[in-house]
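Asks: Questions regarding the structure given below will be posed in turn.
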Amino acid sequence: MGYKEDKRYAGHMDQLFKVNRVEMLDGRAEGAKLLDVQNGSGMNFSINISRGMDIPYLSYMGCNISFVSPCGVVAPEYFDDKELGFLKSFTAGFLTTGGLSYIGGPCEYEGKSYGLHGNVANTPADTFHYEIQEEDGNACLIAGGKLQEAVLFGDKLSLTRQIKCCYKEKKFTINDTVTNEGYKKARHMILYHMNIGYPLLTPESKIYIPSSKVIPRTPHSAEGLHCWNQAQEPDPNYEEMCFYHEMTSPMPKAAIYNPELGIGISIAFKRSALDHFVQWKMMGAGDYVIGLEPCNATIDGIEDAIANGSLKYLEPQESVRYRIEVEILEGPEEFEKIQQL
């Protein structure tokens, strides 16, 4: 039955489509504000209003999908923007956004220091709203808001994010608009750090990325090129690897599927805007994760992005839009269908 029919059986919307705004109370998470969503399909996710409107938790039918780092959820006031200080409060979760003016490893450029993956993931939303709207006999959650990454005498960028999911649909969309609110041309880099963890990710999981070419990011990564699409047993001595994937489809769809659980996850994105893709592979004991990361530039420093032509700019008042489609996969047929696209 659909929403219209199910509604007759419910005394309150919470029985069908439960959306709660919550505040964390303990440890370094204290004060962080989240929106918790259960849409009746068995899918459950949270939006961290205090941290870039990113998604720390995602599960389906009680099965965790996201990788949550040892930090867990951390309130934004603990953010350290120096060098690798980002990692001290890197929740990872299902989605951490990098940007808006810089992504990638720490670097120096024109006398300024840039820390890992920029600041946006640690920036609270200035405005945030949510509403369940009834449309065409169904109910859909529209949640989102706007945040600013602006500095006196410097760049003034904003991110407007909308996350939408509908009743009993095991999918959601992320629609972002980044705008140069200033009056000078501004550098713009963005990365969608989407992280898959246990129990969805195990050595038995199947990894699919529709690439025409796979390029190891480092000499160490080159040693694992032969098994980029295979997960291994957790290894306490594992050193992370990253791979660039070149793609040809206008709307690539990457996926990870666990045949033992019969559950998987796929992400699709518009390559016209997100023209680069990084795979993060970390098989460490306690740090066990595969990252699927659409982005708009390479991640090896600003000078490198300038040299290879991947760095993007926004003119004054110019905007660029991004769209990510996330879908839960059930059964081998749905995973096989993606590979045939």
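Numbering that gives the first Met the number 0 puts the first residue of the sequence shown at 0, with every later residue one more than the last.
In this text, a Cβ means the ideal position worked out from N, Cα and C, and glycines have one as well.
Taking the alpha-carbon positions, what's the Gln229 to Asp303 distance?
Replies: C-alpha separation (whole angstroms): 29 angstroms.
Asks: Leaving out five residues before and five after Asp79 in sequence, what residues of the same chain have Cβ atoms less than 6 angstroms from its Cβ?
Replies: Around Asp79: Lys87.
Asks: Candidates Ala253, Tyr256, His225 and Met281: which alpha carbon is nearest Pro235's?
Replies: Nearest of Ala253, Tyr256, His225 and Met281 to Pro235, Cα basis: Met281.
Asks: Suppose contacts are defined by Cβ-Cβ distances below 8 angstroms. Is Gly181 in contact with Arg160 by that definition?
Replies: No, Cβ-Cβ distance for Gly181 and Arg160 is not below 8 angstroms.
Asks: With respect to the beta strand (DSSP E) encompassing Ala254, which residues constitute its N-terminal and C-terminal limits?
Replies: It spans Lys252 to Asn257 - the beta strand (DSSP E) in which Ala254 sits, taken as one unbroken run.
Asks: Could you pull the start and end residues of the alpha helix (DSSP H) that Phe334 belongs to?
Replies: Run containing Phe334: Gly330 to Gln338, per the alpha helix (DSSP H) assignment.
Asks: Hey, would you say Ile264 sits closer than 8 angstroms to Ile195, going by beta carbons?
Replies: Contact flag set, yes.
Asks: Going along the chain, which residues of its own chain have a beta-carbon closer than 6 angstroms to the beta-carbon of Pro105, five neighbours each way excluded?
Replies: Only Glu82, Gly114 and Leu115 meet the Cβ criterion.
Asks: Apply the 10 Å Cβ neighbour rule to Tyr77 and answer buried if 16 or more other Cβ atoms are within range, or exposed otherwise.
Replies: Counting Cβ neighbours within 10 Å, Tyr77 comes out exposed, since fewer than 16 surround it.
Asks: Could you give the residue range of the alpha helix (DSSP H) that holds Ser343?
Replies: Any property of residue 343 remains undetermined from this structure, which presents the chain solely from 0 to 340.
Asks: How many Å lie between Thr90 and Pro69 at the Cα?
Replies: Using only the alpha carbons, I get a separation of about 8 angstroms.
Asks: Unbroken beta strand (DSSP E) runs of length 3 or more, entirely within the region 138 to 211: which are they?
Replies: As far as the region 138 to 211 is concerned, its whole beta strand (DSSP E) runs of at least 3 residues are 155 to 165, 170 to 179, 185 to 195 and 205 to 207.
Asks: Between which two residues does the beta strand (DSSP E) carrying Asp5 extend?
Replies: No beta strand (DSSP E) holds Asp5; the alpha helix (DSSP H) holding it covers Tyr2 to Asp5.
Asks: In terms of residues, what are the limits of the beta strand (DSSP E) holding Ile48?
Replies: Counting along the chain, Ile48 falls outside any beta strand (DSSP E), and DSSP gives it neither H nor E.
Asks: Considering only their Cβ atoms, is the gap separating Ile102 from Met240 smaller than 8 angstroms?
Replies: Going by C-beta atoms, Met240 is not nearer than 8 angstroms to Ile102.
Asks: Closer than 7 angstroms by C-beta to Leu99: which residues in its own chain qualify, once you throw out the five before and the five after it? Chain order, please.
Replies: Contacts found: Gly117, Val119, Glu148, Leu156, Leu158, Val177, His187 and Ile189.
Asks: With a threshold of 16 other CB atoms inside 10 Å of the CB of Ser211, please say whether the residue is buried or exposed.
Replies: Exposed, by the Cβ-count rule.
Asks: Nearest by alpha-carbon distance to Glu332: which of Val325, Ala31 and Asn257 is it?
Replies: For Glu332, the nearest C-alpha among the options comes from Asn257.
Asks: According to DSSP, Ser112 sits in a beta bridge with which residue or residues?
Replies: Paired residues: Glu107.
Asks: Going by CA-CA distance only, name the one from Phe66, Pro75, Ser248 and Gly136 that's closest to Val288.
Replies: Of the listed residues, the one whose Cα sits closest to Val288 is Phe66.
Asks: Could you have a look at Lys32 and say whether DSSP puts it in helix, strand or coil?
Replies: Here Lys32 sits in strand by DSSP.
Asks: So what's Asn43 in DSSP terms, helix, strand or just coil?
Replies: Reduced to three states, the DSSP call for Asn43 is strand.
Asks: Using DSSP's beta-bridge definition, name the partner residues of Ala230.
Replies: Partner(s): none; Ala230 has no beta bridge.
Asks: Just to confirm my understanding: we take Gly30, look at its own chain, exclude 5 residues before and 5 after, and list those with CB closer than 6 angstroms. What are they?
Replies: Ala74.
Asks: If I measure Cβ to Cβ from Tyr59 and keep anything under 7 angstroms in the same chain, skipping five residues before and after, which residues do I get?
Replies: So the list reads Gly41, Met42, Lys169, Ile262 and Ile327, once near-sequence residues are dropped.
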